[in-house]
Amino acid sequence: MVPSSSNAGIFTNFSLGIFTLLLFSCGEEPTIQSYVIPSEYEGPVVTWKLPSDWGENPDLSGPMAGSFHVKSDLGPVGRIGIMPFRESVSTLDVANMFGKEMGYGLLSEDDLSELAQVRTIDSREFEWIRLVDKAEVGSMRTVLLALYRNEEETWLFPFIGDQPLINEQMKNFESFLSSTTLRAGKEKIRAKVPQPAPPASAQHAEGPTWDIPSHWQKAEASSMRLASYEVADKNGSRLDFSVTSFPGDVGGLLANVNRWLGQIGMEEVKENEIEKYVTEIIIDEQDAQLVVAEGEEQALYAAIIMIEGRSWFFKISGDLNLAQLEKPNFLSFLNTVCFH
0 MVPSSSNAGI
10 FTNFSLGIFT
20 LLLFSCGEEP
30 TIQSYVIPSE
40 YEGPVVTWKL
50 PSDWGENPDL
60 SGPMAGSFHV
70 KSDLGPVGRI
80 GIMPFRESVS
90 TLDVANMFGK
100 EMGYGLLSED
110 DLSELAQVRT
120 IDSREFEWIR
130 LVDKAEVGSM
140 RTVLLALYRN
150 EEETWLFPFI
160 GDQPLINEQM
170 KNFESFLSST
180 TLRAGKEKIR
190 AKVPQPAPPA
200 SAQHAEGPTW
210 DIPSHWQKAE
220 ASSMRLASYE
230 VADKNGSRLD
240 FSVTSFPGDV
250 GGLLANVNRW
260 LGQIGMEEVK
270 ENEIEKYVTE
280 IIIDEQDAQL
290 VVAEGEEQAL
300 YAAIIMIEGR
310 SWFFKISGDL
320 NLAQLEKPNF
330 LSFLNTVCFH
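With the first letter of the sequence shown counted as 1, position 108 gets the number 107 in numbering that gives the first Met the number 0; the numbers rise by one all the way through.
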């Protein structure tokens with residue numbers, strides 16, 4: 000995995016060719032560092048340059064290629080992300096992914112036509128969708144979605160924050176979008192095309208249900224996370240558990256596994272090596288995959304299931320010793336997941 004800085008980042012599922020980054024630190028002059036990596040990489044690539052008052056988040060929830068915040072006197076505010084999808088992901092699916100939490104209910108194509116517009120930034124056309132919070136009276140929470148179609152990938156750039164913050168940062172957001180360099184993957188990832196969504200009457204309002212172990216502590220959910228929990232021990236070791244869901248297969252099994260391996264400091268694998276970490280399991284009488292990865296200090300356990308054209312991710316990661324203790328609880332949790 001290639002390291003990133005606050006000025007540029009890179010998202011890979013394999014290895015890249017030669018890449019040069021400008022690195023800055025407080026009180027120092029910019030330096031140039033070059034990374035030489037095997038050239039067989041043919042996956043999607045994104046690089047960016049951050050505005051001076053933005054910072055990079057260390058945690059990447061769901062299929063995030065990059066995660067950022069706005070610096071303020073009160074600390075980090077807002078959340079900006081980069082998410083790569085397949086071309087087959089529709090704008091309506093993406094809008095509904097965020098609209099549900101914002102209180103919009105199930106959006107239709109007619110609803111979308113009133114919310115979406117096309118904005119051109121440096122000759123690139125972005126689908127531009129602004130969602131305001133309808134779930135809580137008086138809330139100023141806003142989600143701004145910018146989608147860019149690039150060959151066989153769709154790149155989503157969500158900006159989540161209070162409306163005044165987004166309005167204030169609009170020039171920075173557009174500058175950030177303009178700075179991105181996007182390359183579609185040459186290697187075709189075998190993706191499942193999302194099936195048409197069922198009628199609203201057939202959809203369960205809350206998605207799947209599950210039973211959480213009693214000692215897992217509920218944490219704050221977000222537009223990226225449908226649920227979050229934390230597990231801690233008396234020594235201060237912690238595990239982070241999340242439930243996320245996205246339209247389509249979000250790049251495929253190999254891409255997700257390699258992204259997770261990178262998050263716990265483990266080397267990526269090729270497709271013929273993936274069985275080292277992935278086994279087939281059953282969740283709610285449906286085929287699913289279980290990912291088990293244990294490094295020297297960190298571990299990650301995750302389950303992936305595709306339901307009606309959507310990927311569901313149940314993932315727990317953190318301290319190796321605590322993760323090994325909690326593994327039976329995680330597997331028991333998976334047995335309680337029900338999609339109605």
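Virtual Cβ for every residue (Gly too), placed ideally from N, Cα, C.
Straight-line CA distance for residue i to residue j?
i, j, result
"Asn328", "Val45", "37 Å"
"Thr180", "Arg123", "11 Å"
"Ile280", "Val336", "13 Å"
"Lys314", "Lys269", "21 Å"
"Gly137", "Glu151", "40 Å"
"Gly98", "Leu333", "27 Å"
"Lys170", "Glu219", "29 Å"
"Val249", "Arg258", "12 Å"
"Asn271", "Phe125", "37 Å"
"Asn234", "Leu319", "13 Å"
"Asn56", "Thr153", "22 Å"
"Pro163", "Gly102", "20 Å"
"Gln297", "Leu49", "29 Å"
"Ala301", "Arg148", "29 Å"
"Ala292", "Glu108", "41 Å"
"Leu73", "Glu135", "24 Å"
"Val117", "Gly54", "28 Å"
"Leu299", "Asp92", "28 Å"
"Val88", "Ser71", "35 Å"
Grab me the residues of residue i's own chain with a C-beta within less than 6 Å of its C-beta, minus the 5 sequence neighbours each way, in chain order.
i, result
"Asp232", "Leu321"
"Leu413", "There is no way to answer for residue 413, as the model of the chain reaches only from 0 to 339."
"Gly294", "Ile263, Gly264 and Met265"
"Ile120", "Glu173, Leu176 and Ser177"
"Leu289", "Thr278, Ile280 and Ala302"
If you compare alpha carbons, which of the options is closest to residue i?
i, options, result
"Val131", "Glu229, Leu114, Val277 and Ala145", "Leu114"
"Ser241", "Trp209, Trp154 and Val277", "Trp209"
"Val69", "Met82, Pro57, Met63 and Ser51", "Ser51"
"Glu307", "Asp286, Lys133, Tyr228 and Ala298", "Asp286"
"Trp127", "Ala64, Ser138 and Leu111", "Leu111"
"Gly104", "Asp121, Glu296, Phe125 and Lys133", "Lys133"
"Ser236", "Trp154, Gln162, Glu135 and Glu325", "Glu325"
"Asn145", "Met139, Phe84, Pro163 and Gly102", "Just to set this straight, residue 145 is Ala in the shown sequence, not Asn. The candidate whose alpha carbon is nearest that of Ala145 is Phe84."
"Leu330", "Ile211, Tyr228, His339 and Glu173", "Ile211"
"Val142", "Ala298, Val277 and Asn166", "Asn166"
"Pro246", "Ala301, Arg140, Thr90 and Ser71", "Thr90"
"Arg140", "Arg129, Tyr147, Arg148 and Gly54", "Arg129"
"Gln168", "Gln116, Phe67, Val88 and Asp92", "Phe67"
With DSSP as the reference, identify every bridge partner of residue i, one or two as the case may be.
i, result
"Ile128", "Ala115 and Leu144"
"Met305", "Ser310"
"Ala226", "Val242"
"Trp259", "BP columns for Trp259 are empty, so no partner."
"Asn149", "Glu152"
"Phe158", "Ile79 and Leu143"
"Ile84", "In the sequence as presented, Ile is not what sits at residue 84; that position holds Phe. According to DSSP, which records beta bridges pairwise, Phe84 is partnered with Thr153."
"Lys217", "Tyr228"
"Ile281", "Asp286"
"Gln297", "Asp318"
"Leu333", "Beta-bridge pairing links Leu333 to no other residue."
"Phe97", "The partner list for Phe97 (beta bridge, DSSP) is empty, contrary to what the question assumes."
"Ala292", "Leu299"
"His68", "Gly54"
"Leu181", "Val45"
Give me, in chain order, the residues of the same chain whose beta-carbon lies closer than 8 Å to that of residue i; leave out the 5 immediate sequence neighbours on both sides.
i, result
"Ser244", "Met96, Gly206, Leu225, Arg309, Ser310, Trp311 and Phe312"
"Ile273", "Leu252, Leu253 and Val256"
"Leu238", "Glu229, Val230, Ala231, Ile315, Ser316, Gly317, Asp318, Leu321, Ala322 and Glu325"
"Lys275", "Val268"
"Ser213", "none"
"Gln194", "Only weak support is given to the placement of Gln194: the predicted model assigns it a pLDDT of 35, under 50, and the value that follows is read from those uncertain coordinates. Cβ within range, chain order: Glu307 and Gly308."
Excluding the 5 residues flanking residue i on each side, which residues of the same chain have their C-beta closer than 7 Å to its C-beta?
i, result
"Ile304", "Ile282, Gln285, Ala287 and Trp311"
"Met63", "Gly80, Ile81 and Met82"
"Tyr228", "Ile211, Trp215, Gln216, Lys217, Ala218 and Phe240"
> Does the stretch 74–86 come close enough to the stretch 152–171 to have 3 or more Cβ pairs within less than 8 Å?
Replying inline: Yes: at least three Cβ pairs fall under 8 Å.
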